[in-house]
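Asks: The structure under discussion is supplied below as structure tokens; questions concerning it will follow.
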Amino acid sequence: MERPLSCQSHKDQTRPTICVGVLTLNEAHRIERCLRSAAFADQLIVVDSGSTDDTCSIAQRCGAEVYIYSQWEGFATQRNRLLTHVKTDYIFFLDADEVITPKLKEEILSVISSRPQGAWRVSWEQVAFGRPLSRMSSGGAVTRLFKTDLIERFDGVVHEGAILRQPIKPQTLQARLPHYSRETVYDSLNKLAQYVQLGAQKRHAQGKKGGLIRGSLSALGNFIRLYFIRRGFLCGAEGFLFCYLIAQECFFRYAAMKYDHTILDTPAKRK
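Each residue of the sequence shown is one higher than the one before, starting from 6 at the first, in the numbering used here.
Following this line, the structure appears as structure tokens:
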């Protein structure tokens, strides 16, 4: 059941308007940094999954509309719920562990100024254990900026994608999006456990098989890709730890498919 905590919207008909939307759960330690970076938005929305810390009150103080949907049904469902509250021409989806830089802000506003119909991707700049991994290649981009009326819905268990009302090839923004995905080892291990479950469920639904050999090959292949091909080795100990933890996630998702059958049919909860 959705519970609105505050409601505000800013509509200026002389220019395209933009909403920044964020999904949260117990993000009190970083939500202010995230939302302050998005203060330029005409509408700022937080959809919360039932935080037990001060996430919601901090978000309100930052000027966000806060809606609480405590019944967790997946990331795609939460994004679809967020969409029902958007009143602007464009929407940028931001995660609580990300920050919009001034350069990215200016590029976003420039891109939408002529009211184009489209979607845009942005490349991450990974920040791990306090160090920007700037010398590591981004390895692709995530689609985050959309013309609002172009989105039909979101779908998918993890790394959910937007289903668009018409086929459009996303363009890529030049500025990168800082992603503070791994701030401590402890939080990284919690995140690993969550994504192991989500990844195992996704691959099981696709008919893939688990096992230690498959997991080991996946882990080795991903470590080589991240550490050598994408130049994680240039980023010191933080780069190694970042690549190693992702490789471990790859290993354990296949191990879980083989030896932990209970998680395949159990809805994954956010950590």
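Think of the CB as a built atom: it goes at the ideal place given N, C-alpha and C, for glycine as much as any other residue.
Go through its chain and collect everything with a Cβ distance to Ala-46's Cβ below 7 angstroms, but skip five positions before and after it.
Replies: The residue labelled residue 46 in the question sits at position 41 within the sequence shown. For Ala-46, where only same-chain residues beyond five positions count, the Cβ hits under 7 angstroms are Ile-23, Cys-24, Val-25.
Asks: State the DSSP-derived secondary structure class of Arg-84, mapped to helix, strand or coil.
Replies: Numbered from 1 along the sequence shown, position 79 holds the residue referred to as residue 84. Helix at Arg-84.
Asks: Restricting to runs no shorter than 3 residues, where is the beta strand (DSSP E) found entirely within the segment 65-152?
Replies: List check, beta strand (DSSP E) in window: 70-73, 95-98, 124-127, 129-133, 147-152.
Asks: If contact is defined by three or more beta carbon pairs under 8 angstroms, each pair taking one atom from either stretch, is the segment 179-192 in contact with the segment 95-109?
Replies: Yes, the segment 95-109 is in contact with the segment 179-192.
Asks: Report the residue from Leu-246, Cys-248, Gln-176, Asp-154 whose alpha carbon sits nearest the alpha carbon of Ile-168.
Replies: Against the sequence shown, residue 168 aligns to sequence position 163. That would be Asp-154, whose Cα lies nearest to the Cα of Ile-168.
Asks: Using 10 angstroms around the beta-carbon of Lys-108, count the other beta-carbons present and answer buried if the total reaches 16, otherwise exposed.
Replies: If you number the sequence shown from 1, residue 108 lands on position 103. Counting Cβ neighbours within 10 Å, Lys-108 comes out exposed, since fewer than 16 surround it.
Asks: Just to confirm the assignment, what range does the beta strand (DSSP E) spanning Arg-187 have?
Replies: As a first step, residue 187 is located in the sequence shown; it is residue number 182 there, counting from the start. Counting along the chain, the beta strand (DSSP E) containing Arg-187 begins and ends at 182-187.
Asks: Which first and last residues belong to the alpha helix (DSSP H) in which Arg-258 is found?
Replies: The residue labelled residue 258 in the question sits at position 253 within the sequence shown. Taken as a continuous stretch (DSSP letters only), the alpha helix (DSSP H) holding Arg-258 covers 241-264.
Asks: Between which residues of its own chain and Leu-150 is the CB-CB distance below 6 angstroms, once the five residues before and five after are set aside?
Replies: To locate residue 150, count along the sequence shown from 1; it is residue 145. So the list reads Phe-97, Trp-125, once near-sequence residues are dropped.
Asks: Could you check if Thr-93 is buried or exposed, using at least 16 other CB atoms within 10 Å of its CB as the buried criterion?
Replies: The sequence position of residue 93 within the sequence shown is 88, counting from 1. So Thr-93 ends up on the buried side.
Asks: With a Cβ-Cβ cutoff of 8 angstroms, do Arg-181 and Ser-223 count as a contact?
Replies: For the purposes of this step, residue 181 is identified with residue 176 of the sequence shown, where counting begins at 1. For the purposes of this step, residue 223 is identified with residue 218 of the sequence shown, where counting begins at 1. Against a cut-off of 8 angstroms, the Cβ pair of Ser-223 and Arg-181 comes out as no contact.
Asks: Pick out whichever of Asp-59, Arg-140, Gly-216 has its Cα sitting closest to the Cα of Glu-243.
Replies: Counting from one through the sequence shown, the residue named residue 243 turns up at place 238. Closest option to Glu-243, Cα to Cα, is Arg-140.
Asks: Flag this pair as touching only if the segment 202-211 and the segment 254-265 have three or more C-beta atom pairs under 8 angstroms; answer yes or no.
Replies: Yes, the segment 202-211 touches the segment 254-265.
Asks: Enumerate, from N- to C-terminal direction, the unbroken alpha helix (DSSP H) stretches of 4 or more residues contained entirely within the segment 180-230.
Replies: The segment 180-230 contains these whole alpha helix (DSSP H) runs: 190-210, 217-229.
Asks: Quick one: is Glu-228 buried, meaning 16 or more other Cβ sit within 10 Å of its Cβ, or exposed?
Replies: Taking the first residue of the sequence shown as position 1, residue 228 is located at position 223. Note that residue 228 is Phe in the sequence shown, not Glu. By the 10 Å Cβ count, Phe-228 comes out buried.
Asks: Can you tell me which of the three DSSP states Thr-60 falls into?
Replies: In the sequence shown, the residue the question calls residue 60 occupies position 55. Helix.
Asks: Chain C beta carbons: is any one of them nearer than 8 angstroms to that of Leu-114?
Replies: No chain C is present in this structure, which holds just one protein chain.
Asks: For His-266, does the count of other Cβ atoms within 10 angstroms reach 16, so buried, or fall short, so exposed?
Replies: Locating residue 266 in the sequence shown gives position 261, counting from the first residue. Classification of His-266: exposed, given that the 10 Å Cβ count is below 16.
Asks: Got a sec? Which residues, its chain only, sit under 8 angstroms from Gln-253 by beta carbon, not counting five neighbours each side?
Replies: Counting from one through the sequence shown, the residue named residue 253 turns up at place 248. Hits under 8 angstroms: Leu-197, Ala-224.
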